[in-house]
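Visitor: Could you have a look at this structure, given as structure tokens, before my questions?
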Amino acid sequence: MEHNQEHSGIKRNKKACTECRQQKVRCDATVDSTEPCSRCRKMQLRCVISDPFKREHKRQRLSELEQETVHLRQRLEQRNSWSGPIATPPASIESTMSRLTPVMNGLPTPGHVRNLTVSTSLEGVTLAPNVIDELFKNYFEDFHYFVPILDRNIAPNDCYQRSTFLFWAIIGTASRNFARDPTLLDCVGDKILNLALMSLRYPSVATIKGLLLVMTWPLPRAIGTTDVTYAISGSLLHIAIQIGLHIPTSSQDFSRVKINLSDSEIAKRAELWGYCVLTYQRSCSFKGHSPIALIETYQDAEQRHTLFGRITPALRFQLKLNSLVTRCCSALLQNGLRVMSMDQEHSLDVIIRVFEASIKDIEPETTSELDKFYLFISRLTIQVFHLYKEPSKTFPTFLLTRMYNNACQVLRHIDRMDSEGTIKLSAAPFYIIFSASLSSFIILRLLKGTAAGYLDVENAKDTFFLGVNIMKRLSAESNDTPARLTMILTQLWNSERAFRNPDGTENTALRIRTRLTMSPVMDAIWWWREEFGGQPGAYTAPETKIGITDSAPPETSVLDHVQGPNGTAYSAAYPEITSFLDDQFLAELGWTSSSNYLFPPMSGTYGGVTDNWYSPTDVNGFAV
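Dropping the structure here:
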């Protein structure tokens, strides 16, 4: 205990320490003792006995500290030079804030102080207030358009108080094209990802919004490290279900406390759930996995109708497209993809034809250039399954040329949206990266095979090079996914061994057949790994079609009674087709059991079932 023996001329029989006198409480300190009083010892305070004591006025001291803080902030913002994201504020500011925090605890803060953005740090990375404001502005100008789930008027301070993770998710997203400091994304990437993993313990709307940003604009990772975004996408969906977003009108059923949601809040929760489903399904497509969750899984028909009535037309359109793509993948998996017989290939054609027509039916609902892009890539995502069939040794089917034309359309539309200012490729979400890479690898595979002789090669080359340039413009880091894919596309284009057997013969058949839409991309990546990555011999020879037997479907439907041209039931002639085209499936798509255009002619112009049995015109006027 410290003693200050400056006497004021007044003698006291008892002495109290400064802290106890300030609080007007009893003090058991003694002048002769070196031990602190019991109160100071318990509260770990500095115990000092001093005669010249003046009680401090809290409100006056608070006002003085606030004025000092405002003055220091103004000085900081007026500095012309910026020392970077890891710059540390002056010691006087930190000391002032440390003294201000305990005094202001529990007391009202003036509005002019509260609205000023505060400098924030994350594991040694400190951002100045003006940098934070600029990043928030950048996010709402370039990124918010793709996933409009945040309030444009939210202040950085308010966002930080509600959710530290959401605040830094916005910072990390906006730093992707932050020209003022291009190193910021690399500085905060791993730290924000750690915050994302820790946030899984605290299910909330703010956590879900932060995860959506991290999933839509994945953070950079080191080469060779495991990508955890796919695992996070499943957690995102489950957290949303845990707090009742999948049934926004019954959110009370999933809460421990009473909640009163307005109609606008219910609509926001419905839209948030829609973006959760979209992000999860697109993440599955990007990884080449089958989405487990359909939006219909978690609501009955009435709830689903209510949900669709509360969301925006643009989101409703995207959900319809993704639902069709997801159901198409499910039907194709049921038909079989790994090893296919001729009948299974015909069944695959039918499935693709059905879902392409369904996409054509909702095409009039497009309202923007971005909606058109979603339509084009959804159609290509379905058409790409034509590559699972045995490559034609002669003239390529018009199905492949249609797929090629649509791949070119996707790339040109992305380039047009960027050039017209509809989007900025530097701020594009991962789904555009998926679309550009899929289209580029499709064109590359066709140009490396026999099909190139039946295409406009110069136009195909120009479009392929456009795809490579788009991938370069999509890259935010030197080692991110677009940058790596750009290198792979470039080296495979210049390779003489890619898509070739050791004897030099063509080998454009898919070797990887378990990654759904991404199989052509993953297959090409393995061609690159074998030639340039030091991993030869991973796929020594194409799989042979063994063990393929035709079996009757376990259940029958109305299709069993549909007669073919020669009086033969289609269910007997094409069991693979009718195994999934049951009454419920056709009813959901608006087809009828008498729609004979679903099946190949059993005899006629083509002299039997061939690769080119389609008529030149699709149903509903959809030209094929």
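The sequence shown runs 488 to 1111 under my numbering. Just so you know, even glycine gets a beta-carbon here, dropped at the ideal spot from N, CA and C. Treat the numbers as computed from the prediction; the structure is a model and nothing was measured.
Which runs of the beta strand (DSSP E) at least 3 residues long sit entirely within the region 714-768? Give them in chain order.
Guide: The region 714-768 contains no whole beta strand (DSSP E) run of 3 or more residues.
Visitor: Which whole runs of the alpha helix (DSSP H) in the region 638-687 are 4 residues long or more, in chain order?
Guide: Listed in chain order, the complete alpha helix (DSSP H) runs (minimum 4 residues) inside the region 638-687 are 643-649, 651-661 and 671-686.
Visitor: Is it buried or exposed for Q768, if we count other Cβ within 10 angstroms and need 16 for buried?
Guide: Numbered from 1 along the sequence shown, position 281 holds the residue referred to as residue 768. By the neighbour-count rule (16 or more Cβ atoms within 10 Å), Q768 is buried.
Visitor: In the DSSP output, which residue or residues are listed as bridge partners for E993?
Guide: Here residue 993 corresponds to residue number 506 of the sequence shown, with the count starting at 1. Looking at the DSSP assignment, E993 forms a beta bridge with R987.
Visitor: Between S606 and E907, what straight-line distance do the alpha-carbon atoms span, to the nearest angstrom?
Guide: In the sequence shown, the residue the question calls residue 606 occupies position 119. In the sequence shown, the residue the question calls residue 907 occupies position 420. Each residue's alpha carbon lies about 36 angstroms from the other.
Visitor: If you compare alpha carbons, which of L806, L887 and T888 is closest to L862?
Guide: Walking along the sequence shown from the start, residue 862 turns up at place 375. Ranking L806, L887 and T888 by Cα distance to L862 puts L806 first.
Visitor: What do you get for Q531, buried or exposed, if any count of 16 or more other CB atoms within 10 angstroms of its CB means buried?
Guide: What you label residue 531 is simply residue 44 of the sequence shown in a count that begins at 1. Exposed, since its Cβ has fewer than 16 Cβ neighbours within 10 Å.
Visitor: Taking all protein chains shown into account, do 16 or more other C-beta atoms lie within 10 angstroms of the C-beta of Y762, making it buried, or fewer, making it exposed?
Guide: Here residue 762 refers to the residue found at position 275 of the sequence shown. Buried is the call here.
Visitor: How far does the alpha helix (DSSP H) with S810 in it extend, from its first residue to its last?
Guide: Position 323 of the sequence shown, counted from the first residue, corresponds to residue 810. Counting along the chain, the alpha helix (DSSP H) containing S810 begins and ends at P800 to N822.
Visitor: Starting from the C-beta of N994, find all residues in its chain whose C-beta is less than 8 angstroms away, skip the five residues before and the five after it, and write them out in chain order.
Guide: Counting from one through the sequence shown, the residue named residue 994 turns up at place 507. Counting only Cβ-Cβ distances below 8 angstroms, and skipping sequence neighbours, we find F986, R987, N988 and P1029.
Visitor: Locate the beta strand (DSSP E) running through L614, then write down its first and last residues.
Guide: Position 127 of the sequence shown, counted from the start, is the residue given in the question as residue 614. Element bounds for L614: V612 to L614.
Visitor: Figure out for me which residue from T716, R1016 and S962 has the closest Cα to the Cα of E970.
Guide: The residue labelled residue 970 in the question sits at position 483 within the sequence shown. As written in the sequence, residue 970 is Ala, which differs from the Glu given in the question. With distances taken between Cα atoms, A970 lies closest to S962.
Visitor: According to the neighbour-count rule (16 or more other Cβ atoms, all chains shown, within 10 Å of its Cβ), is R1000 buried or exposed?
Guide: The residue labelled residue 1000 in the question sits at position 513 within the sequence shown. Burial call: buried.
Visitor: Mapping DSSP to helix, strand and coil, what is S608?
Guide: Against the sequence shown, residue 608 aligns to sequence position 121. In this structure, S608 counts as strand in the three-state DSSP scheme.
Visitor: Which same chain residues end up closer than 6 angstroms to F623 when comparing Cβ atoms and leaving out the 5 residues on each side of it in sequence?
Guide: For the purposes of this step, residue 623 is taken as residue 136 along the sequence shown, with counting starting at 1. P643, listed in sequence order.
Visitor: With a CB to CB cut of under 8 angstroms and the five nearest residues on each side skipped, what residues in its chain are close to M1009?
Guide: Locating residue 1009 in the sequence shown gives position 522, where the first residue counts as 1. Answer for M1009: G775, I999 and R1002, listed in chain order.
Visitor: Could you give the distance in angstroms between the alpha-carbon of L887 and the alpha-carbon of E843?
Guide: Taking the first residue of the sequence shown as 1, we reach residue 887 at position 400. Taking the first residue of the sequence shown as 1, we reach residue 843 at position 356. Spanning the two alpha carbons is a distance of roughly 14 angstroms.
Visitor: Just to confirm, are D902 and L953 a CB contact at a threshold of 8 angstroms?
Guide: The sequence position of residue 902 within the sequence shown is 415, counting from 1. The sequence position of residue 953 within the sequence shown is 466, counting from 1. Yes, Cβ-Cβ distance for D902 and L953 is below 8 angstroms.
Visitor: Ends of the beta strand (DSSP E) at I536?
Guide: Position 49 of the sequence shown, counted from the first residue, corresponds to residue 536. Start and end: V535 to S537.
Visitor: For the alpha helix (DSSP H) that contains T968, what are its first and last residues?
Guide: The residue labelled residue 968 in the question sits at position 481 within the sequence shown. Run containing T968: T968 to W980, per the alpha helix (DSSP H) assignment.
Visitor: State yes or no: is the C-beta of R797 within less than 8 angstroms of the C-beta of I753?
Guide: Your numbering for residue 797 matches position 310 in the sequence shown. Your numbering for residue 753 matches position 266 in the sequence shown. Contact flag set, yes.
Visitor: Measure the alpha-carbon distance for Y875 versus L824 and round it to whole angstroms.
Guide: Along the sequence shown, read from residue 1 onward, the residue named residue 875 stands at position 388. Along the sequence shown, read from residue 1 onward, the residue named residue 824 stands at position 337. Cα-Cα distance, rounded: 7 angstroms.
Visitor: Would DSSP call Y626 helix, strand or coil?
Guide: Taking the first residue of the sequence shown as 1, we reach residue 626 at position 139. Three-state DSSP puts Y626 in a helix.
Visitor: With a threshold of 8 angstroms, are at least 3 pairs of Cβ atoms found where one atom belongs to the region 607-626 and the other to the region 656-663?
Guide: The answer is yes - the region 656-663 touches the region 607-626, with three or more Cβ pairs under 8 angstroms.
Visitor: Can you give the Cα-Cα distance for L671 and L934, rounded to whole angstroms?
Guide: The residue you call residue 671 lines up with position 184 of the sequence shown. The residue you call residue 934 lines up with position 447 of the sequence shown. If you take the alpha carbons of L671 and L934, they lie about 40 angstroms apart.
Visitor: DSSP three-state label for W704, please.
Guide: Stepping through the sequence shown from its first residue, residue 704 is reached at position 217. It is coil, neither helix nor strand.
Visitor: Is the beta carbon of I746 closer than 8 angstroms to that of I695?
Guide: For this step, residue 695 is matched to residue 208 along the sequence shown. For this step, residue 746 is matched to residue 259 along the sequence shown. Going by C-beta atoms, I695 is not nearer than 8 angstroms to I746.
Visitor: Among the residues of its own chain, which have a CB less than 7 angstroms from the CB of S770, if the five just before and after it don't count?
Guide: Position 283 of the sequence shown holds residue 770. Hits under 7 angstroms: M702, T716, Y717 and S720.
Visitor: Could you check the C-alpha separation between E522 and L603 for me, to the nearest Å?
Guide: Counted from its first residue, the sequence shown places residue 522 at position 35. Counted from its first residue, the sequence shown places residue 603 at position 116. Computed Cα separation, rounded: 44 angstroms.
Visitor: Roughly how many angstroms lie between the CA atoms of T992 and R984, to the nearest whole one?
Guide: In the sequence shown, the residue the question calls residue 992 occupies position 505. In the sequence shown, the residue the question calls residue 984 occupies position 497. T992 and R984: Cα-Cα distance of roughly 10 angstroms.
Visitor: Terminal residues of the continuous alpha helix (DSSP H) containing S845?
Guide: In the sequence shown, counting from the first residue as 1, residue 845 sits at position 358. It spans M829 to D848 - the alpha helix (DSSP H) in which S845 sits, taken as one unbroken run.
Visitor: Can you have a look at R667 and say buried or exposed, based on whether 16 or more other CB atoms are within 10 angstroms of its CB?
Guide: Here residue 667 corresponds to residue number 180 of the sequence shown, with the count starting at 1. Per the 10 Å Cβ criterion, exposed.
Visitor: To the nearest angstrom, how far is it from the Cα of C646 to the Cα of L931?
Guide: One-based indexing of the sequence shown puts residue 646 at position 159. One-based indexing of the sequence shown puts residue 931 at position 444. Looking at the two C-alpha atoms, the distance is approximately 45 angstroms.
Visitor: Using a Cβ distance threshold of 8 angstroms, determine whether the region 704-714 contacts the region 728-740, with at least three qualifying pairs required.
Guide: Contact fails: fewer than three Cβ-Cβ distances are below 8 angstroms.
Visitor: Inspect the beta-carbon positions of F860 and M904 and report whether they are closer than 8 angstroms.
Guide: As a first step, residue 860 must be located in the sequence shown, where it is residue number 373. As a first step, residue 904 must be located in the sequence shown, where it is residue number 417. Yes, Cβ-Cβ distance for F860 and M904 is below 8 angstroms.
Visitor: DSSP three-state label for Q1022, please.
Guide: Walking along the sequence shown from the start, residue 1022 turns up at place 535. In this structure, Q1022 counts as coil in the three-state DSSP scheme.
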